[in-house]
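These protein sequence lines map, in sequence, to chains E and U. Going by UniProt numbering, the first residue of the first sequence is number 1, and it counts up by one from there. Going by UniProt numbering, the first residue of the second sequence is number 1, and it counts up by one from there. A quick write-up on the structure given underneath.
There are 2 protein chains.
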Amino acid sequence: MSELFDRHRETLKQAVEAAHTRGYWSPYPEMPSGKIYGETAKADGEAAFKAMLDAPFDLDQPTTGKRVGKEESPYGFKLGTTYPAVDVDQLVSAAKTAGKAWAQASVETRVGVCLEVLARINRQSFAMASAVMHTSGQAWMMAFQAGGPHAQDRGLEAVAYAYEEMSKIPGAVRWEKPQGKNPPAVLDKTFKVIPRGIGLVIGCATFPNWNSYSAYFADLATGNAVIVKPHPMAILPLALTVKITREVLAEQGFDPNVALLAPDEPDAPITKELVAHPEIGIIDFTGSRTFGDWIRQNAAGKLVYTEETGVNSVVALSTDSFKGMCGNIAFSLSLYSGQMCTAPQNVFVPRDGIETDEGHKSVDEVAEGIGKSLAKLLGDPDRAMGILGAVQNPDTLKRIEAARGFGRVVHESAPVTGDSVPEGARTATPLLVQLDAGDEAAYLEERFGPIAFVIAATDGPDAIRRAAGAAKTKGAITASIYSTDDGQLAAAEEAFAEAGAPLSENLTGQILVNQSAAFSDFHVSGANPAGTASLTDAAFVANRFRVATVRRQAA
Amino acid sequence: MSELFDRHRETLKQAVEAAHTRGYWSPYPEMPSGKIYGETAKADGEAAFKAMLDAPFDLDQPTTGKRVGKEESPYGFKLGTTYPAVDVDQLVSAAKTAGKAWAQASVETRVGVCLEVLARINRQSFAMASAVMHTSGQAWMMAFQAGGPHAQDRGLEAVAYAYEEMSKIPGAVRWEKPQGKNPPAVLDKTFKVIPRGIGLVIGCATFPNWNSYSAYFADLATGNAVIVKPHPMAILPLALTVKITREVLAEQGFDPNVALLAPDEPDAPITKELVAHPEIGIIDFTGSRTFGDWIRQNAAGKLVYTEETGVNSVVALSTDSFKGMCGNIAFSLSLYSGQMCTAPQNVFVPRDGIETDEGHKSVDEVAEGIGKSLAKLLGDPDRAMGILGAVQNPDTLKRIEAARGFGRVVHESAPVTGDSVPEGARTATPLLVQLDAGDEAAYLEERFGPIAFVIAATDGPDAIRRAAGAAKTKGAITASIYSTDDGQLAAAEEAFAEAGAPLSENLTGQILVNQSAAFSDFHVSGANPAGTASLTDAAFVANRFRVATVRRQAA
């Protein structure tokens, strides 16, 4: 039994249990508190981050000898960090060599290594927060949580599922088949978990860790060497992750090339070459439908898990808290400037308006209610920056500009100004545009970023039908409804279940539709075009390994 | 709770347990005994089969009104059974409509229906035996077992895995996240299993039931409507299966179109149209690599599970029972005329010969030993017919003819003659040809049917390397080794694990490498080109359903 496995046995046990009961649980504290992480942790993390700027990142892995790296912080500066450039064949070959001993290791040994890596990553959460903040543009607190403890939760969750699935395979069994009057037929059988192939994890720029850790740790735990291909604008968080992994691997006597980084630059991408490489057996991808389609076409026969484009909706039919509803929706649209895969884009409202605790509200009034909540929420620049963060990609600003022309602008998008905004930071408050249900060309496409629409539908059933229809045809990772009518809620539950979008009902408080809780929510359903897999179930891990059998005729 | 679920609860419980422990277990007796199945069962089954010949098969499902069916028994007669012709769009549309209520049913209700269907199929095992015999060409006893109880085991196994995976999803949970001094954030969540899409099960001609039941019952249990596309030469066994399923569905108040048959004829195939249909979400296929590749290219984005072409090997390095080894190999080559996906094709022997309990044996002597065992085993026509059965496809005879020219013929293939051979039966004993390891063009390709090669390799390690290499590059569902050297066995275990082929060691008795036991062996590893999935693990079922979530803010 592995020493690391023993060290983290209790955490693993609780994680497996949490994944079954699916209540709230997390072993990694989400509060960036000195009492938890150490009084100097924040200063140490910031210093560590600064030391990585304008410097070669220390990662001892196979390289061409050149260096790459063109990351720019959405807060207005170039990172200047460079990484060892890689040759795809060289990298894959190194992974293959290293993977042999990794595949031979026991389940407990591999799981122990993964749990230790997660524990060490957890201790680096402050340096990680800065790395995530200055690549994704997330505000610091979100970067700490989503790039730190919450991402670590995701990793642990995958390890827990993988451990449980692998534990089902008995090591050995005597198989004895009765043969009537004759002695039984007897075989001694042994079963061993074997990996499926080298894993390739393709990261995104907005949630480099959160969206990668499930796959990364699922691959590792199930015995696969893994190559991480970060987004060229968000390399640093995953470089840190791979570096820590390699340290633990080496300490435990493994070839560190079990985990490799494949950094590149926007004008010289290497992702397609990696996807097409015959030795890559498993691909996890977060990104656009277009590239997802390319992968599906070019990775025939490989396992492909994706999270892709989607159009998330809110259906507002009635509420006993108009303020709570408008405030909650406004927060959902604002959090990280709408750059979450879980952020709503379309708010459907019946054309005749809705009943609320403040009386009847017309579509215009609902739109204006959300608009006012946005203005109030984001009025103070400090608070606004803490919620919005920065805009990761300059193209998002172009999308905002284009969306202005789609209809009546209810809430204008503008940069945040004030002393708390770093010079050169790319910021934008949400644009809210009022449309009619007929304007499908405008709203039936993902408009990634702080862009949202209030859409007048014929009536309640039409609003549900359109929102669920968008989920089914365009994909959706979340859905939300406001209604005081149980019959309407039941109808919506059926429609969104069929569309494969998890539905949140009557969120008027602090919980946002955007938030997907580890060990509880099935993040991505795999049941509509927004993704082929949930990150949080047995199906996500069970096919990443196979079983080798030996049957020996009993003496 | 469902009444059918209650009725079969104990069987399910034992099946789940057996799939964990993986020892011997089966609830469906494999002996065609009157004491078990009823004294008139055999006569009744034969009468039922005869009544289906030269008659329209009674299957009340959507049809164009025309009838199809050109099955021919490999024992020399036309079945003359016809089935309702289908229009693909009409069929898919019927499945979609019927699937809605099926998806809404509880896990227990669906599992109960599946278990009842299996129990009723079990009672029809005699009629099924004749149907399988006169489509596949299997000898009667094999047709009874592989088309009856053993196929039913496979179906039950899939239901057990599906039940276990679905049972993991809690129906409801209160999620309570502490918020420091503030009251906790509380969500009431419900989770519901939803199907992935209409399932398409594409059967083969040699094992119409055995190779289809895992997928068929996995799809049904997980809430998917299913369309069965049988091989045009082996419709009847699956038509019976679908008919029984539809009866149980209707009795339980479901639209019987949850299970549909898609029969066709060789000159007007409809498989491609079904595969490409956008409403088909899951495809299970047993057949050739060529068509498997076509499916992969044309079903991008769909779940695809396959069992395809492979080249299975025996490595003979030493033995303490030369007779036992030769006899066992000869039986493996003969059983169902080598038409099993598990039958060996290549027997690798070191060029310098091997040590045995009968002294040193040259390659020639090993080949001749197997040849003599074949002659002895198949010398009596009655016994030969009982082992060989008939040759399903006339093309197999052409392959035998071609293989004769590849090298020295050690055992000639010939039709079985005698009073026990029905007139017009297509029979062939195994052809055994001796080759050199350099003759890769001859042996590194699947030569489906009673065709086998004894191949001289450089030495033991070369024999293992070539056999495992064939598995890795061409696919293999089984592998077998004879060696008295534990070091050699260990080396082989590692090589075949890496090649994803389950290895049987020193089989000299009644157990054949061909036999894959339900609840114990991982049939198809999914780890080499012979198939993308094992039929017998969580990965086979866990992705056939997804989870719909509702999160409601607690009052």
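Virtual Cβ for every residue (Gly too), placed ideally from N, Cα, C.
For this session: Jot down the residue ranges of each uninterrupted beta strand (DSSP E) in the stretch 151–219 of chain U, minimum 3 residues, whole runs only, in chain order.
Result: 172–179, 182–195, 198–202
For this session: With a threshold of 16 other CB atoms inside 10 Å of the CB of methionine 31 (chain U), please say whether the residue is buried or exposed.
Result: exposed
For this session: Within its chain, find whatever has a CB closer than 6 angstroms to the CB of methionine 325 (chain E); leave out the 5 residues flanking it on each side and keep chain order.
Result: Thr319, Tyr482, Thr508
Exercise. Whose Cβ in chain B lies nearer than 7 angstroms to the Cβ of asparagine 543 (chain E)?
Worked result: Looking at the structure shown, chain B is missing, and the protein chains on hand are E and U.
Exercise. Between valine 513 (chain U) and isoleucine 295 (chain E), what straight-line distance do the alpha-carbon atoms span, to the nearest angstrom?
Worked result: 38 angstroms
Exercise. Is the shortest distance between the beta-carbon of leucine 507 (chain E) and the beta-carbons of chain U less than 9 angstroms?
Worked result: yes
Exercise. Can you tell me whether isoleucine 36 (chain U) is buried or exposed, with buried defined as 16 or more other CB within 10 angstroms of its CB?
Worked result: exposed
For this session: Kindly indicate if chain U contains any beta-carbon less than 9 angstroms away from that of phenylalanine 191 (chain E).
Result: yes
Problem set entry | Beta carbon proximity, glutamate 446 (chain E) to chain U, threshold 9 angstroms | no
Exercise. Helix, strand or coil for valine 258 (chain U) per DSSP?
Worked result: For valine 258 (chain U), the secondary structure class from DSSP, reduced to helix, strand or coil, is helix.
Exercise. For lysine 323 (chain U) and chain E, any beta-carbon pair shorter than 9 angstroms?
Worked result: False, the Cβ-Cβ gap to chain E never drops below 9 angstroms.
For this session: List the residues of chain E that aspartate 521 (chain U) touches, going by C-beta distances under 7 angstroms, in chain order.
Result: Thr549
Problem set entry | Alpha-carbon spacing of leucine 236 (chain U) relative to valine 193 (chain U), whole angstroms | Pairing leucine 236 (chain U) with valine 193 (chain U), the inter-Cα distance amounts to about 33 angstroms.
For this session: Enumerate, from N- to C-terminal direction, the unbroken alpha helix (DSSP H) stretches of 4 or more residues contained entirely within the stretch 482–524 of chain E.
Result: 486–498
For this session: Please classify lysine 189 (chain E): is it buried, with 16 or more other beta-carbons within 10 angstroms of its beta-carbon, or exposed?
Result: buried
Exercise. To the nearest angstrom, how far is it from the Cα of glutamate 307 (chain E) to the Cα of alanine 499 (chain E)?
Worked result: 16 angstroms
Exercise. Cβ atoms of phenylalanine 519 (chain U) and alanine 43 (chain U): under 9 angstroms apart, would you say?
Worked result: It is not a contact, given that the beta carbons lie outside the stated cut-off.
Problem set entry | Limits of the unbroken beta strand (DSSP E) element including valine 311 (chain U) | Counting along the chain, valine 311 (chain U) falls outside any beta strand (DSSP E), and DSSP gives it neither H nor E.
Problem set entry | Residue-level contact to chain U via CB, histidine 20 (chain E), 9 angstroms cutoff | yes
For this session: Mind the definition here: the stretch 356–372 of chain U touches the stretch 454–466 of chain U only if three or more C-beta pairs lie below 8 angstroms; say whether that holds.
Result: yes
Exercise. In angstroms, rounded to a whole number, what distance separates the CA positions of leucine 432 (chain U) and serine 332 (chain U)?
Worked result: Note on geometry: alpha-carbon atoms of leucine 432 (chain U) and serine 332 (chain U) lie some 12 angstroms from one another.
For this session: Can you give me the Cβ contacts of phenylalanine 207 (chain E) inside the same chain, cut-off strictly under 7 angstroms, excluding the 5 residues immediately before and after it?
Result: Ser136, Ala146
Exercise. In three-state terms, what does DSSP make of glutamate 108 (chain E)?
Worked result: DSSP, read as helix, strand or coil, puts glutamate 108 (chain E) in helix.
Exercise. Going straight from the alpha carbon of threonine 549 (chain E) to that of glutamate 71 (chain E), what length do you get?
Worked result: 47 angstroms
Exercise. Below 9 angstroms between beta carbons: does that hold for glutamine 339 (chain U) and threonine 396 (chain U)?
Worked result: yes
For this session: Note down, in chain order, all residues in the stretch 165–182 of chain E with a beta-carbon under 9 angstroms from any beta-carbon belonging to chain U.
Result: Glu165, Lys168, Ile169, Pro170, Val173, Arg174, Trp175, Glu176, Lys177, Pro178, Gln179, Gly180, Asn182
Problem set entry | valine 226 (chain U) vs alanine 103 (chain U) beta-carbon contact at 9 angstroms | no
Exercise. Does tyrosine 24 (chain U) get closer than 9 angstroms to chain E when you measure Cβ to Cβ?
Worked result: yes
Problem set entry | Under 9 angstroms from the C-beta of serine 525 (chain U): neighbouring residues of chain E | Ile194, Arg546, Val547, Ala548, Thr549
Problem set entry | glutamate 355 (chain E) - DSSP class collapsed to helix/strand/coil | strand
For this session: Compare the C-beta of serine 534 (chain E) with all C-beta atoms of chain U and state if any pair is closer than 9 angstroms.
Result: yes
Exercise. Any idea what DSSP makes of leucine 235 (chain E), helix, strand or coil?
Worked result: Here residue 235 (chain E) turns out to be isoleucine, not leucine, going by the sequence shown. It is coil, neither helix nor strand.
Problem set entry | CB contact check: glutamine 152 (chain E) to chain U, cutoff 9 angstroms | no
For this session: Taking the CB atoms as reference points, tell me whether serine 413 (chain U) and isoleucine 477 (chain U) lie closer together than 9 angstroms.
Result: no
Exercise. By Cβ distance below 6 angstroms, which residues in the same chain neighbour leucine 118 (chain U) in space, the five residues on each side in sequence not counted?
Worked result: Leaving aside the five residues that flank leucine 118 (chain U) on each side, the residues in its chain whose CB is nearer than 6 angstroms to its CB run, in chain order, Gln152, Gly155, Leu156.
For this session: Kindly list the residues whose CB is nearer than 6 angstroms to the CB of arginine 40 (chain E), restricted to its own chain and excluding five residues on each side of it in sequence; keep chain order.
Result: Residue identity differs from the one stated: residue 40 (chain E) is threonine in this sequence, not arginine. No residues qualify anywhere along the chain.
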